[in-house]
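Chemist:
In our numbering, the protein residues as written are 7 to 210.
1. Mark residue 78 as exposed unless 16 or more other C-beta atoms lie within 10 angstroms of its C-beta, in which case mark it buried.
2. With DSSP run on the structure shown, which of helix, strand or coil describes residue 49?
3. Between residue 92 and the ligand GDP, is the CB less than 7 Å from at least one heavy atom?
4. Closest to residue 20 by C-alpha separation, out of 147, 34, 207, 89, would be which residue?
5. Taking the runs of the beta strand (DSSP E) that are 3 residues or longer, which of them lie wholly in the segment 8-87?
6. Given this structure, state the Cα-to-Cα distance separating residue 207 from residue 15, to the nearest angstrom.
7. Just curious, the beta strand (DSSP E) that residue 187 is in, first and last residue?
8. Please go through the same chain and pick out, in chain order, the residues whose beta-carbon is closer than 6 Å to the beta-carbon of residue 83, but skip the five residues on each side of it.
9. At which residues does the alpha helix (DSSP H) containing residue 159 begin and terminate?
10. Would you please state the rounded distance, in angstroms, between the beta carbons of residue 188 and residue 65? I believe it to be under 8 Å.
11. Starting from residue 203, follow its DSSP beta bridges and name the residues at the other end.
12. Does DSSP classify residue 90 as helix, strand or coil?
13. So what's residue 134 in DSSP terms, helix, strand or just coil?
14. Per DSSP, what are the beta-bridge partners of residue 149 in this structure?
15. Does DSSP put residue 179 in a helix, a strand or coil?
16. Which first and last residues belong to the alpha helix (DSSP H) in which residue 111 is found?
17. For residue 144, which of helix, strand or coil comes out of DSSP?
18. Please state the DSSP three-state secondary structure of residue 103.
19. Under a Cβ-count criterion, where at least 16 other Cβ atoms within 10 Å of its own Cβ denotes burial, should residue 124 be classed as buried or exposed?
20. State the CB to CB distance for the pair residue 147 and residue 56, rounded to an integer number of angstroms; the pair is presumed to be in contact (CB under 8 Å).
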């Protein structure tokens, strides 16, 4: 027996379309995002998910609720797995950030673990928020299949830290909307068995 984590990024949001940095701002799903959530829900039907944990931000929570309606499993929402707080960048487009914060943006792209931005969480502070909660739900749900619906930065930090990889490798992972990644918590180690898979979206 093992504990398996199904890590799911939320569906397309209104700000994804606009290329705006969302962070903890509460952008909602688009109609396409809702369709994407239905697709991954159908994919998970045969995975024997026992419980769903979701960020409390609406783009993740609505994704989780759509999945829940399909696989008939409860959703527990939590602030602990919401997206990183991007401070001054929230609500700005990537173009605006590159224009107004060129130096900081370059650090984010090259060495994201070294970025300190006014009013924002660092990757280390994100880790310190997210990982105790993830460790707790793994302990409380031993030998179960756990779905976690969250956000790009939070899910990357979860994956890196479950695998014992430093936050400096954050820049080497990409997670698309409603992508599925799976980490198996085995007796002697944690194993990444799937990363950023979106094969369920082929028909969209």
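Glycine is no exception: its CB is placed at the ideal position from the N, C-alpha and C atoms.
Please read all numbers here as calculations on a predicted model, not as lab measurements.
Modeler: Result, derived from the coordinates:
1. Taking the chain shown and counting its residues from 1, one reaches residue 78 at position 72. That one is exposed.
2. Position 43 of the chain shown, counting from 1, holds the residue named residue 49. Helix, per DSSP.
3. Absent from the structure shown: the ligand GDP. Ligands present: none.
4. Indexing the chain shown from 1 puts residue 20 at position 14. It is 34.
5. Runs of the beta strand (DSSP E) inside the segment 8-87: 9-15, 57-61, 81-84.
6. Position 201 of the chain shown, counted from the start, is the residue given in the question as residue 207. Position 9 of the chain shown, counted from the start, is the residue given in the question as residue 15. So the two alpha carbons sit approximately 13 Å from each other.
7. In the chain shown, the residue the question calls residue 187 occupies position 181. For residue 187, the enclosing beta strand (DSSP E) has its first and last residue at 186-191.
8. Residue mapping note: residue 83 aligns to position 77 of the chain shown, counting from 1. Here the set comprises 60, 62, 67.
9. Walking along the chain shown from the start, residue 159 turns up at place 153. Element bounds for residue 159: 158-168.
10. One-based indexing of the chain shown puts residue 188 at position 182. One-based indexing of the chain shown puts residue 65 at position 59. So it is not a contact: roughly 22 Å between Cβ atoms.
11. Locating residue 203 in the chain shown gives position 197, counting from the first residue. Bridge partners of residue 203: 186.
12. In the chain shown, residue 90 corresponds to position 84, counting from 1. Collapsing the DSSP output to three states places residue 90 in coil.
13. Taking the first residue of the chain shown as 1, we reach residue 134 at position 128. If DSSP states are grouped into helix, strand and coil, residue 134 belongs with the helices.
14. As a working note, residue 149 is residue 143 in the chain shown. Within the DSSP bridge table, the entry for residue 149 names no partner.
15. Numbered from 1 along the chain shown, position 173 holds the residue referred to as residue 179. The answer is coil: DSSP assigns residue 179 none of H, G, I, E or B.
16. Start at 1 with the first residue of the chain shown, and residue 111 comes out as number 105. In the DSSP annotation of this structure, the continuous segment of the alpha helix (DSSP H) that includes residue 111 starts and ends at 108-116.
17. For the purposes of this step, residue 144 is identified with residue 138 of the chain shown, where counting begins at 1. Of the three classes helix, strand and coil, the one that applies to residue 144 here is helix, per DSSP.
18. Taking the chain shown and counting its residues from 1, the one referred to as residue 103 is at position 97. Note: residue 103 maps to helix in three-state DSSP.
19. For the purposes of this step, residue 124 is taken as residue 118 along the chain shown, with counting starting at 1. Residue 124 sits exposed, since fewer than 16 C-beta atoms from the chains shown fall within 10 Å of its C-beta.
20. Taking the first residue of the chain shown as 1, we reach residue 147 at position 141. Taking the first residue of the chain shown as 1, we reach residue 56 at position 50. Indeed, because the Cβ distance is near 7 Å, the residues count as touching under 8 Å.
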